[in-house]
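Per UniProt numbering, residue 1 is the first one in the sequence shown, and the count goes up by one each step. The beta carbon of each residue, even a glycine, is placed where N, CA and C say it ideally should be. Working notes, beginning with the structure itself.
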Amino acid sequence: MTNRSRYNIWIILGWISILLIAGCGASNQNPDSSMADTSQSQITEIADSKNPNTAPSEKKSAGMAAMMVYQAELSLNVKDLATSQKSLTQLVEKMNGYIVEANSYNQGEENSLLNGNFRIRIPNAKFNAFLEETEKLALKVANRTIQGRDVTEEYIDLEARLASKQVLEKQLLGLMKNAQKTSDLLQIAQDVNKVQTEIEQLKGKMKYLKNQSDFATVTIHMTENKAVLPSLSDNPVSTWDKTKQQFMNSIKFMVDSASVLFVVIVGTSPLLLFIGAIIAGIMYWKKRKGKKDESV
């Protein structure tokens, strides 16, 4: 190597040293201001790199299965509600589902019509099979409604927003460790708390969509189709009972009549005696007058 080449190398190394010293000096002049600028630029940079408004097709993972949320309503006429309810419970357990709500009530003339309502969660993979088996429990399917909703893009959007917030949270925690001023520390702490709250909300929405897509919701209304017919054995009054009842009514009427007659006679006896005495006096006076007329 020639002397001139060595000289050029030393010149280059000297310039590099000068630039490094100048850079270090500028960074040490106002560390708090530099940190604040860095924090703002990093937050903006992260937000731009993780923009949730990116088209779902760009964010969608290759080969990801569609997430469908299914709901169904069935109105069934059954022969016996108690038997059908027992069979339905066994079917739900067989399909690895669970009953969220169940109730029964009476309606119709003299509360003769028995009804039952059930809200059931069934794994999506067994949704159609469950509907078919449930309809077999009915004498008649009065109504059948099925609704489906694709939530794939909604879930992917939440997933992307969650990843963005988690990166931002990590960056803010790093800035918090290096903060030197109290005001900067408090501001960053508020930002961290806000981001963590948003992260929990996103996780909750994703968990809800996942549960809704894993389990379908089926609402079932059952009506017992049982006619209530009168029966001779159910009649509380038989022919012999009617005869005894009529006999007792007759005896009661006679006793009541005798009682009324006795009350009338005893109660009005003074008046009757007075009237009888007047009648007897009149008869006696007429009889004496008649004898006098005959003697004349």
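- VAL266 sits in a helix when the DSSP states are folded into three classes.
- Here ILE275 is exposed, its C-beta having fewer than 16 other C-beta atoms within 10 Å.
- Contact annotation, LEU113 with ILE220: C-beta distance approximately 17 angstroms; criterion of less than 8 angstroms not satisfied.
- Considering only LEU74, MET67, ASP80 and ALA72, the residue with the shortest C-alpha distance to GLU224 is ASP80.
- Per DSSP, the unbroken alpha helix (DSSP H) holding LYS194 starts and ends at 182 to 214.
- Secondary structure of ASN225 (DSSP, three-state): coil.
- Secondary structure of LYS136 (DSSP, three-state): coil.
- By the Cβ-count criterion, LYS165 is buried, with 16 or more other Cβ atoms from all chains shown falling within 10 Å of its own Cβ.
- Contact check for SER84 against LEU137 passes: the beta carbons are separated by less than 8 angstroms.
- Of all alpha-carbon atoms in LYS252, ILE279, ALA72 and ALA216, the one lying nearest the alpha-carbon of ASN143 is that of ALA72.
- Close CB contacts of LEU139 within its chain, under the 7 angstroms cut and outside five residues either way in sequence, are with ASN77, VAL78, LYS79 and ASN225 (chain order).
- Less than 8 angstroms divides the Cβ of ALA179 from the Cβ of LEU185.
- The Cβ-Cβ distance between ARG119 and THR243 does not fall below 8 angstroms.
- Listed in chain order, the beta strand (DSSP E) elements of length 3 or more contained wholly in the stretch 68 to 107 are 68 to 78 and 98 to 107.
- In the three-state scheme derived from DSSP, where H, G and I count as helix and E and B as strand, ALA142 is classed as strand.
- Straight across, the Cα-Cα distance linking ASN249 with VAL260 is about 16 angstroms.
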